[in-house]
Structures are given as structure tokens and as C-alpha cells.
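Structure first, commentary second.
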Amino acid sequence: MKKVYIVRHGDIGLGRNKRYIGVQDLSLSEEGREQAFSLKERLREVPLDRIYCSALSRSRETAAIITEAHSLSLTVLPELHEIGMGEWEGRLFSEIQERFPAEYRLRGEDIVHHRPPGGESFLQCSRRAIPLFESIVRSDAQTSLIVGHAGVNRVILCHALGLPLQELFSFKQSYGCLILLNQAHRGQWEVKYIIPE
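Below you can see the structure in the form of C-alpha cells.
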């Protein structure tokens, strides 16, 4: 039975201000490093066969800390990058809503297909993330860890559970969250939140 642990990288120090952070390369905050060390301890006894992360610093830093408890090397994969936010990258939600109200409304109406100017849609993200997830599942690894990002993790979770992408935001993705996908009989996946419980 295959197991895939999915982690969202640790905190990046933006506080309560909600911003569109996609491929902008930000490092972990001190709180994010603490979350990564907690994840390392939580996963210490898990017999991981492979650890995957994106090339973005916040994902690599989280994965590197977790890897300290395992004698494995990291596999860095661009397919795990967060969804690209284009011209919205780094901007406050409130700023986009105020400056581009029609575009903001369109995103809310069609979260799957909407693409910020110069950015990527969740559908486009799924075209890279889903084949990658399937290749991880087909590999000889019994237990894998993916250290990803909120958007790409949600795409993978929807796919694994057979849900349409419109259900993306059904999955909580707080910084440092840990989810276990357990493959039951007939290839069906079950999901369990470990952090937060």
C-alpha cells in the first residue's frame, strides 16, 4: 500500500496581510523554520523512500530540514512550483480587488480557468502537477514525501480523491500542514490531516 505525505512549506513571514505569492522566491521566517523542525520530528520515524520539493527556497528549506532525520537526498522538481501569479505576484488581495475589480471577480467566478495577467491557471498547474504525482505513485517508493505549496498541493489532493478542481479550497493548507494520502484497495486514496489534527 502506497503512502504519500504532503507538506506545505513553513511560514514566510507575511503576517496577516493576504498576498498573492506564487513563484516569488521567499525564504522561511523564523516561525517557518520552527514549523519545519516540528515536521522533522513528526516524520522522524516514518520510513520515507523519497523526498520531493520545488526549487523555490521556502519548499527547499522546509524539505532540507526534514531530510536531516533521514539518509535521503532531496529531489527538486519544477513541476511542484506554486501556481504562477504573474502581474499579481506579491500584491495584496485587497489591492487587486481595488485596482482590478473585474479581473478579481472573474477569478472568483472561475477559479479553475482564470489566469492572472502573465500568470497561470489552476488548470495549467494541474497539467504539470498531476502527471508528476502519478509518476511518484508508479515509482518503486512505498512512502514518499512531497514538500509543496498551497495551490499545487490542493491540485494533487483533488486529483487523488477524484474531486473536480472547483473543490480546491475544500482543503485547508496552513503553513507547515502535514497530510497523509494512504492508498487503500483498488487504488482509492484516503486523506488524513496530521498537522493540524
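Throughout the sequence shown, residue numbering follows the numbering used here, covering 304 to 500 in sequence. Using N, Cα and C, we set each Cβ at its ideal position, and we do this for glycine too. The structure displayed is predicted, hence computed values, not measured ones.
- Following the DSSP letters along the chain, one finds residue 349 in no alpha helix (DSSP H), marked with neither H nor E.
- With 16 or more other CB atoms across the displayed protein chains lying within 10 angstroms of its CB, residue 311 is buried.
- In the three-state DSSP reduction, residue 415 falls in the coil class, being neither helix nor strand.
- Beta-bridge partners of residue 356 (DSSP): 379 and 450.
- Beta-bridge partners assigned by DSSP to residue 320: none are found.
- If the five residues before and after residue 399 are omitted, its C-beta is found closer than 6 Å to the C-beta atoms of 391 and 407, all from its own chain and listed in chain order.
- About 5 Å separates the beta carbon of residue 448 from that of residue 351, a gap short enough to meet the 8 Å contact definition.
- Apart from the 5 residues on each side of it in sequence, residue 364 sits with its Cβ closer than 8 Å to the Cβ of 312, 313, 330, 331, 335, 336 and 339 in its chain, given in chain order.
- If one requires a minimum length of 3 residues, the beta strand (DSSP E) runs lying completely within the stretch 460-487 are 481-486, in chain order.
- Counting C-beta atoms within 10 angstroms of its own C-beta, residue 410 has 16 or more neighbours from the protein chains shown and is therefore classed as buried.
- When only Cα atoms are considered, residue 412 and residue 460 end up about 21 Å apart.
- In terms of CA proximity to residue 304, 484 leads the group 424, 484 and 455.
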